[in-house]
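Residue numbers for the sequence shown follow numbering that gives the first Met the number 0, beginning at 0 and rising by one.
Positions of the beta carbon are idealized from the N, C-alpha and C atoms, including for glycine.
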Amino acid sequence: MYQPVLKEAVRTFFYQRSGFAKQAPYADSRWTDGASHLGAGQDLDCRLVTDPNNAATSKDLSGGWYDAGDYNKYVTFTFSPMHDLLAAYERNPAIWGDDFNIPESGNGIPDLLDELRWELDWLMKMQLDDGSALAKVSVTDFSAASPPSADNNPRFYGPATASSTRTVCSIFAHAALVMKSVGEASLETYADTLEARAIKAWNWIVANPATSTYDNAGFSSATPEQSAYWQEAVRTTAAVYLFELTGQNSYRDYFDNNYTNFQPYQWTYWYPFEPVFQDAMLYYTRLPNATASVVQNIQANAISSATANNSDMLPAYQNGDDAYRAYLGDQNYVWGSNMVKAESGGILMSMNVYGLDTTNQVDYRDAAAGYIHYLHGVNPGAFVFLTNMGDYGAENSVNQMYHGWFGDGTDFDHAVNSPKGPASGYLTGGANPSFSPSQGYLAPPQGQPIQKSYKDWNTSWPEDSWEITEPAIYYQGAYIKLLSAFVEEGEGGATPVEELETSLGMQVFPNPASHRIQVGLDIKTPLKGQLQILSLLGEVVLEKKVDLPVSAGPISLEVEDLAPGVYLAVWQGNSQRGFVKWVKK
């Protein structure tokens, strides 16, 4: 039942593409738009922010994803979403089809990897010939326009930094491993390119071992610089993937000598603010030539953290510490708490992925599922924290988010009260008891119990709704990694449905529908059978017996009495069976 939701969540990255037109049939007609940020002084002629009049600094830095509700692009901020999405593919490769309705669908490559390639291609543009990587592409202030193609504000890039270079090193190495695992020739070649770039970045780091302290000069937009600790930890994750990729012991030795510097290791508990570092440690435990004592140490540390040292983990679930079965310590309800929820569930699922503490396997899965249910509506506000999901069966999905495209007062502002509403499937930030607007007092989200510190609204200064409802690629990546763990191979019938639809030519139109549907079958001989409408739980909610040549016309059904949601139209007759999904508005 999660397959349609997973697809919509992944498709948000398509809508976040910079420099790419969103056109039918890949974009919903409500959210078509031309390619953005390709005008004068923008990404095709992007210049160094501290020397903008020097044509020699011009670079083509087009592509990539918008980072969040703004249209800027930051290298270090891609660290967690890229690793989370790569891990989502690695851990459950069979669920990732080639049918997510993006422009690359049907090319024989899982669409998740196609979407990742869009970002990887941009990251490669950000890497310089010496192996270092530029920091960001951004407007100098907070300017934006709706839709993105209308945004003509000039954009600039920041200089190369050690933090960005370590980021691309780690991502390129991990992505190369994933691309090689698919067994597709073009991806093998692509993986070789990624590997070479990862090694070049590593060599730059070896030659320039100091961490960076980039001051964001020339920009008032967000600084992408990270702490010295973070930069060293990213280098350690890169060593894991480079060791697996190349087999060179120097990378293994670097990891062995530095993994205990990870804060989760030093503090004796793992927590949802450093999931990529923790995932890298667990990844290392699977490598055939890993140091045995290090493997045992990591496994023991992970188990003790999940079962004893971190009360937010298994003990919270087993003790029933949260009525909504998605425990998070009060101090961890921060800006972006929905990401923290998702990563908490991810830690629990990792225990099963890596076969740790098998006696508690069922509890780990059930506890992790609680965080999915929280994000899907089992929370004090009964919010489905995904935007505009009414067409997919959500009863109370959030209507608004802070985003330059889907902004306050635009046609895209509100899912119900605006002509178009925001695109579907974006995870918003979540409850934030620390929210404080620039002016005044706003309740809610202020003045509420912690988990009720949320408001479904979308305004800029001085109410500053971005602290509550802004989405981000890192929120999205964390959610997709967790959700994909609960999708089974063949769930949703992606491959068999396509085959059956082809063999019967089965179509439902309109789709989505509100009052009546017509079902067409490409069978020209007289037939008898029945057309059933099923819920996704398999319950027959509508049925019509058929005794006519289909060539006489499509089969019509009144569906206005059905509740909004996702249904299956199923035909059975003449020893043939076909089914297709459709949406009741």
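Under the rule that 16 or more other beta-carbon atoms within 10 Å means buried, what is residue i, buried or exposed?
i, result
"residue 440", "exposed"
"residue 70", "buried"
"residue 514", "exposed"
"residue 460", "exposed"
"residue 357", "exposed"
"residue 236", "buried"
"residue 387", "buried"
"residue 87", "buried"
"residue 349", "buried"
"residue 581", "buried"
"residue 285", "exposed"
"residue 229", "buried"
"residue 378", "buried"
"residue 260", "exposed"
"residue 164", "buried"
"residue 277", "buried"
"residue 143", "buried"
"residue 366", "buried"
"residue 502", "Low local confidence applies: a pLDDT of 42 at residue 502 is under 50, so the model's placement there is unreliable, with the coordinate-based value given in what follows. The residue in question, residue 502, is exposed, as its Cβ has fewer than 16 Cβ neighbours within 10 Å."
Over the uninterrupted alpha helix (DSSP H) stretch that includes residue i, give me the two end residues.
i, result
"residue 233", "227-245"
"residue 104", "Counting along the chain, residue 104 falls outside any alpha helix (DSSP H), and DSSP gives it neither H nor E."
"residue 11", "2-14"
"residue 294", "291-303"
"residue 56", "Element bounds for residue 56: n/a, residue is neither H nor E."
"residue 365", "360-374"
"residue 166", "161-180"
"residue 476", "472-483"
"residue 70", "Per DSSP, residue 70 belongs to no alpha helix (DSSP H) and is neither H nor E."
"residue 277", "274-283"
"residue 406", "Residue 406 -> no alpha helix (DSSP H), and no H or E assigned at all."
"residue 191", "184-206"
Got a sec? Which residues, its chain only, sit under 7 Å from residue i by beta carbon, not counting five neighbours each side?
i, result
"residue 413", "398, 399 and 420"
"residue 381", "395"
"residue 48", "139, 155, 156, 157, 217 and 218"
"residue 345", "274, 477, 480 and 481"
"residue 360", "351"
"residue 338", "473, 474 and 477"
"residue 243", "176 and 286"
"residue 66", "72, 73, 76, 471 and 472"
Name the DSSP beta bridge partners of residue i, please?
i, result
"residue 155", "46 and 137"
"residue 557", "515"
"residue 508", "517"
"residue 564", "583"
"residue 317", "Residue 317 is not bridged to any residue."
"residue 32", "21"
"residue 577", "570"
"residue 539", "533"
"residue 126", "132"
"residue 397", "386"
"residue 426", "385"
Which stretch, first to last residue, makes up the beta strand (DSSP E) that contains residue i?
i, result
"residue 22", "Note, residue 22: premise wrong, no beta strand (DSSP E); not H, not E."
"residue 254", "Counting along the chain, residue 254 falls outside any beta strand (DSSP E), though it belongs to the alpha helix (DSSP H) covering 248-257."
"residue 627", "Outside the displayed span of the chain (0 to 584) sits residue 627, for which this structure offers no information."
"residue 385", "383-386"
Since I believe residue j is in contact with residue i (beta carbons under 8 Å), could you give me their beta-carbon distance rounded to a whole number of angstroms?
i, j, result
"residue 512", "residue 584", "7 Å"
"residue 89", "residue 423", "Not quite, the Cβ-Cβ distance comes to about 26 Å (not below 8 Å), so this is no contact."
"residue 30", "residue 118", "Their Cβ separation, rounded to whole angstroms, is 20 Å, which puts residue 30 and residue 118 out of contact at 8 Å."
"residue 402", "residue 448", "Their Cβ separation, rounded to whole angstroms, is 27 Å, which puts residue 402 and residue 448 out of contact at 8 Å."
"residue 43", "residue 136", "No, residue 43 and residue 136 are not in contact; Cβ-Cβ is about 11 Å, not under 8 Å."
"residue 17", "residue 58", "15 Å between Cβ atoms; not a contact."
"residue 148", "residue 32", "5 Å"
"residue 452", "residue 458", "About 17 Å separates the two Cβ atoms, so there is no contact after all."
"residue 280", "residue 302", "That belief does not hold up - the Cβ atoms of residue 280 and residue 302 are roughly 13 Å apart, past 8 Å."
"residue 263", "residue 75", "With a Cβ gap of about 19 Å, residue 263 and residue 75 do not count as contacting."
"residue 238", "residue 254", "4 Å"
"residue 588", "residue 110", "One cannot answer for residue 588 here, as it falls past the ends of the chain, which runs 0 to 584."
Spatial neighbours of residue i within its chain, please: C-beta separation below 6 Å, excluding the five flanking residues on both sides.
i, result
"residue 578", "567 and 569"
"residue 324", "369"
"residue 3", "391 and 565"
"residue 559", "514"
"residue 491", "Reliability of the predicted coordinates at residue 491 is poor, the pLDDT of 38 falling under 50, and the value obtained from them is presented with this limitation in mind. Around residue 491: 2."
"residue 13", "101"
"residue 328", "311"
Can you name, in chain order, every residue of its own chain whose Cβ lies under 8 Å from the Cβ of residue i, other than the five neighbours on each side?
i, result
"residue 497", "Because the pLDDT at residue 497 is just 34, under 50, the model does not fix this residue reliably, and the value given afterwards should be weighed accordingly. Same-chain partners within the cutoff: 98."
"residue 529", "542, 543, 544, 545, 570, 571 and 572"
"residue 557", "514 and 515"
"residue 258", "235, 264, 280, 283, 293 and 297"
"residue 540", "532, 533, 534, 561 and 566"
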